[in-house]
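Enquirer: By UniProt numbering, the letter at position 5 of the sequence shown is numbered 7, and the numbering carries on one by one without gaps.
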Amino acid sequence: ALPVDSLKSLADLHPKPSHLTFQYGTAGFRTLGSVLDSVMFRVGVLAGLRSKKLDGKTIGVMVTASHNPEPDNGVKLVDPRGEMLENAWEVHATTLANAPTTDAFVEALSAFVKALKIDLSKPARVVYARDTRPSGPALVSALEDGIKAIGAEGRDAGVTTTPVLHYLVRAINTKGTPEEYGEDSEEGYLNKLTAAFKKLVAGKPASPPLIVDCANGVGAKIAAKLSESLGDTLRLIPVNTATTTPEALNNSCGADYVKTSQKLPPSLASQLKAGQRACSLDGDADRLIYYYLDDRSKFHMLDGDKIAALVAAFVVDLTKAAGLESQIKVGIVQTAYANGGSTKYLSERLPVKCVPTGVKHLHHAAEKYDVGVYFEANGHGTVLFSPESLKTLSSHQPSTPAQSTALNYLVQLTNVINQTVGDGLSDMLLVEVVLAHKAYSGEEWDSLYVDLPNRLVKVVVANRNIFKTEDAERRLVSPPGLQTKIDELVRRYNGGRTFVRPSGTEDVVRVYAEAIVRSQADELAFRIAGLVY
Ligand code: 16G
Ligand code: ZN
3 ALPVDSLKSL
13 ADLHPKPSHL
23 TFQYGTAGFR
33 TLGSVLDSVM
43 FRVGVLAGLR
53 SKKLDGKTIG
63 VMVTASHNPE
73 PDNGVKLVDP
83 RGEMLENAWE
93 VHATTLANAP
103 TTDAFVEALS
113 AFVKALKIDL
123 SKPARVVYAR
133 DTRPSGPALV
143 SALEDGIKAI
153 GAEGRDAGVT
163 TTPVLHYLVR
173 AINTKGTPEE
183 YGEDSEEGYL
193 NKLTAAFKKL
203 VAGKPASPPL
213 IVDCANGVGA
223 KIAAKLSESL
233 GDTLRLIPVN
243 TATTTPEALN
253 NSCGADYVKT
263 SQKLPPSLAS
273 QLKAGQRACS
283 LDGDADRLIY
293 YYLDDRSKFH
303 MLDGDKIAAL
313 VAAFVVDLTK
323 AAGLESQIKV
333 GIVQTAYANG
343 GSTKYLSERL
353 PVKCVPTGVK
363 HLHHAAEKYD
373 VGVYFEANGH
383 GTVLFSPESL
393 KTLSSHQPST
403 PAQSTALNYL
413 VQLTNVINQT
423 VGDGLSDMLL
433 VEVVLAHKAY
443 SGEEWDSLYV
453 DLPNRLVKVV
463 VANRNIFKTE
473 DAERRLVSPP
483 GLQTKIDELV
493 RRYNGGRTFV
503 RPSGTEDVVR
513 VYAEAIVRSQ
523 ADELAFRIAG
533 LVY
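This is the structure we're talking about:
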């Protein structure tokens, strides 16, 4: 039976604010850190139950609000393979978070345990981590109360990145099995990535030192350690590492700032030289955006779409060189935000699928390919090798030395890539591997295809829930008639493409527009916003 007494006495310490409704959305629960105490406690309990349901496998809990401003915080659950929480449980999480009182919460829990036939005698294990936000420590202690209340065993992974936490979950759950993912520690993560990277770039001329904008977030900590373990193999220069300066987090820096404003972080202006490239992580280091200054010091952005194009071509080249072209096929997954230039370029070469925004949608679609390359334009993404592809890689007998070299590269790619979730630092190493192999500068990489000018605006509306989409968010079905008006407008713009979708993380509607000419993309976005408002 449920430990009702301990649950009730601890739950009483974390009452739900009566005026708020919480929702487990695309990024878990996310709102102001100051109102999340009860949510954290209940997530701790739920994580324990999820572990019991999955026969004592370790469940992960990450406390972060990613690229959001410092006062925000959030929490999301990580399933045993290091992947996002199963869909159905998002609904359970929402229900439990909104039970108005302790009694209502415990009642909802028993109903839940019964409905899902959770065997409470099973062990429960939870590993958790947080980013550098000031609200983190108090929220973690509420989480720990929840873990304790359900009688689960908790492991504190401390202050670390979202991708490290995902890695840990997978590493813990595969320990001692044939699918062992690596040693279950931050060091294990760093060693795995570094060892693979060194093998992949051995014999290649060293890349120039790389500036890494850490968004003044937790990525700074892991980037510093990575820099140390890489040594001269790749010289990293971490900047925006002020994790204790109030309000510095994600402020005029980081991947989201660069992607949204299409600008260089002002703090890098004096450091980045003409011709040099650099990259930005977001506040929890699961996103990555590259950029460079050309010879005339003009800024050029290399976003998630450009990363996908670079990486996919490289994997295809290697499968050909290894003689595995017919057995291992590469596919791409994008969202509606993918630049039209990238979609055209990629779909002329490979299968491309478009899915709704949110990593879980991309991840699941990518699992359907032998090698699935998925990136959101915002820089979140990774590459997945199917279990069959991994088997092929380990059993294939190369017939020439060239095939053997290519095969080894493919195997090491599977190690340098964090396949659990998008990982800014792992993706950075991946990009540097490809650039080293191709001897590409930022400019040469950029010239794979030309980005169409685009504009993203957000519109505050009375009720974003009336906005409903279809066709992977590319068309509106509600409010009625609006899509027809949009179609009429967009037709007047050369190369025009636009879509409108309700945000899953903010109370706004987003409008995206692109066109052949910059001024037209801007104008189209603002006119569509006018229709939406
Ligand atoms: C979340 C998603 C991200 C998506 C963004 C869209 C995860 C881990 N993160 O941050 O992939 O791009 O939401 O936000 O799934 P929006 O719905 O507010 O536009
Ligand atoms: Zn993030």
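Yeah, the Cβ is synthetic: ideal placement off N, Cα and C, and Gly gets one too.
Distance, Cα to Cα, V436 vs Y411?
Expert: Cα to Cα, the separation comes out at about 11 Å.
Enquirer: Thinking C-beta only, is A408 closer than 9 Å to T500?
Expert: Contact flag unset, no.
Enquirer: Quick check: what's the CA-CA separation for P5 versus P353?
Expert: Cα to Cα, the separation comes out at about 52 Å.
Enquirer: Candidates N242, Y535, Q421: which alpha carbon is nearest A368's?
Expert: Nearest option by C-alpha distance: Q421.
Enquirer: Could you compute how far the alpha carbon of S187 sits from the alpha carbon of K54?
Expert: C-alpha separation (whole angstroms): 23 Å.
Enquirer: For L228 versus T176, is the C-beta distance shorter than 9 Å?
Expert: No, the Cβ-Cβ distance between L228 and T176 is not below 9 Å.
Enquirer: Does the Cβ-Cβ distance between F199 and L236 come in under 9 Å?
Expert: Contact flag set, yes.
Enquirer: Identify which residue in A474, G153, S391, Y130 has its Cα closest to the Cα of A159.
Expert: Checked all of A474, G153, S391, Y130; the closest Cα to A159 is Y130.
Enquirer: Tell me whether P71 is buried or exposed, calling it buried when 16 or more other Cβ atoms sit within 10 Å of its Cβ.
Expert: The residue in question, P71, is exposed, as its Cβ has fewer than 16 Cβ neighbours within 10 Å.
Enquirer: Using the rule of at least 16 other Cβ atoms within 10 Å of the residue's Cβ for burial, across every protein chain shown, is G156 buried or exposed?
Expert: Buried is the call here.
Enquirer: With a threshold of 8 Å, establish whether the CB of T243 neighbours any heavy atom of ligand 2.
Expert: It does not: the Cβ of T243 is nowhere closer than 8 Å to a heavy atom of ligand 2.
Enquirer: Please name the residue in E445, N89, I468, L415 whose C-alpha comes closest to that of A276.
Expert: Nearest of E445, N89, I468, L415 to A276, Cα basis: E445.
Enquirer: Locate the beta strand (DSSP E) running through Y183, then write down its first and last residues.
Expert: No beta strand (DSSP E) holds Y183; DSSP gives it neither H nor E.
Enquirer: Ends of the alpha helix (DSSP H) at Y411?
Expert: 403-418 is the span of the alpha helix (DSSP H), which, as asked, contains Y411.
Enquirer: Going by CA-CA distance only, name the one from E189, D509, Y293 that's closest to S443.
Expert: Nearest C-alpha to S443: Y293.
Enquirer: Count the C-beta pairs between the segment 111-131 and the segment 42-52 that are closer than 8 Å, then say yes if the count reaches three, no if not.
Expert: As far as the Cβ criterion goes, the segment 111-131 touches the segment 42-52, which means the pair count is three or higher.
Enquirer: Within 8 Å, do at least three Cβ pairs link the segment 491-505 to the segment 14-22?
Expert: Short answer: they don't touch.
Enquirer: Applying the criterion that 16 or more other CB atoms from any shown protein chain within 10 Å of the CB defines a buried residue, is Y514 buried or exposed?
Expert: Classification of Y514: buried, given that the 10 Å Cβ count is 16 or more.
Enquirer: Taking 8 Å as the cut-off, does the CB of T163 come closer than this to any heavy atom belonging to ligand 1?
Expert: Incorrect: T163 has no Cβ contact closer than 8 Å to ligand 1.
Enquirer: Indicate the three-state DSSP secondary structure (helix, strand or coil) for V93 in the structure shown.
Expert: V93: helix per DSSP, three-state reduction.
Enquirer: Can you find a heavy atom of ligand 2 that lies under 8 Å from the Cβ of T262?
Expert: Because no heavy atom of ligand 2 lies under 8 Å away, the Cβ of T262 does not count as near it: no.
Enquirer: For the beta strand (DSSP E) containing M430, list its first residue and its last residue.
Expert: That residue, M430, is in no beta strand (DSSP E); its alpha helix (DSSP H) goes 426-440.
Enquirer: Please report the residue range of the alpha helix (DSSP H) in which S299 lies.
Expert: Unbroken run through S299: none, as it is neither H nor E.
Enquirer: With DSSP as the reference, identify every bridge partner of V472, one or two as the case may be.
Expert: Here residue 472 is Glu; the residue named in the question, Val, does not match the sequence. In DSSP, E472 forms a bridge with R477.
Enquirer: Does DSSP classify V502 as helix, strand or coil?
Expert: Residue state, collapsed to three classes: strand.
Enquirer: Can you tell me whether Q414 is buried or exposed, with buried defined as 16 or more other CB within 10 angstroms of its CB?
Expert: Its Cβ being crowded by 16 or more others within 10 Å, Q414 is buried.
Enquirer: Within this structure, are the beta carbons of K487 and L458 separated by less than 9 Å?
Expert: No.
Enquirer: Can you tell me the Cα-Cα spacing of A315 and R351, whole angstroms?
Expert: Answer to the nearest angstrom: the Cα atoms are 9 Å apart.
Enquirer: Sorted by chain position, which residues of the same chain lie with C-beta nearer than 7 Å to P268's C-beta, five sequence neighbours on each side aside?
Expert: Contacts found: S254.
Enquirer: I want to know whether the segment 54-70 touches the segment 92-100 - three or more CB-CB distances under 8 Å.
Expert: Too few Cβ pairs lie closer than 8 Å, so no.
Enquirer: Distance check for L312 and P210, CA to CA, integer angstroms please.
Expert: Their backbone Cα atoms lie some 19 Å apart in a straight line.
Enquirer: Can G285 be considered in contact with ligand 2, in the sense that its beta carbon sits closer than 8 Å to one or more heavy atoms?
Expert: Correct: G285 has its Cβ closer than 8 Å to ligand 2.
Enquirer: Can you give me the C-alpha to C-alpha distance between I239 and Y259, rounded to a whole angstrom?
Expert: Roughly 19 Å between the two C-alpha positions.
Enquirer: Can you tell me whether DSSP reads residue 542 as helix, strand or coil?
Expert: As shown, the chain starts at 3 and ends at 535. That puts residue 542 outside it, with no answer to give.
Enquirer: Could you spell out where the alpha helix (DSSP H) holding Q336 opens and where it closes?
Expert: Premise fails: Q336 lies in the beta strand (DSSP E), 332-336, not in any alpha helix (DSSP H).
Enquirer: Quick one: does the C-beta of G156 sit closer than 8 Å to a heavy atom of ligand 1?
Expert: No, since every heavy atom of ligand 1 falls outside the 8 Å radius drawn around the Cβ of G156.
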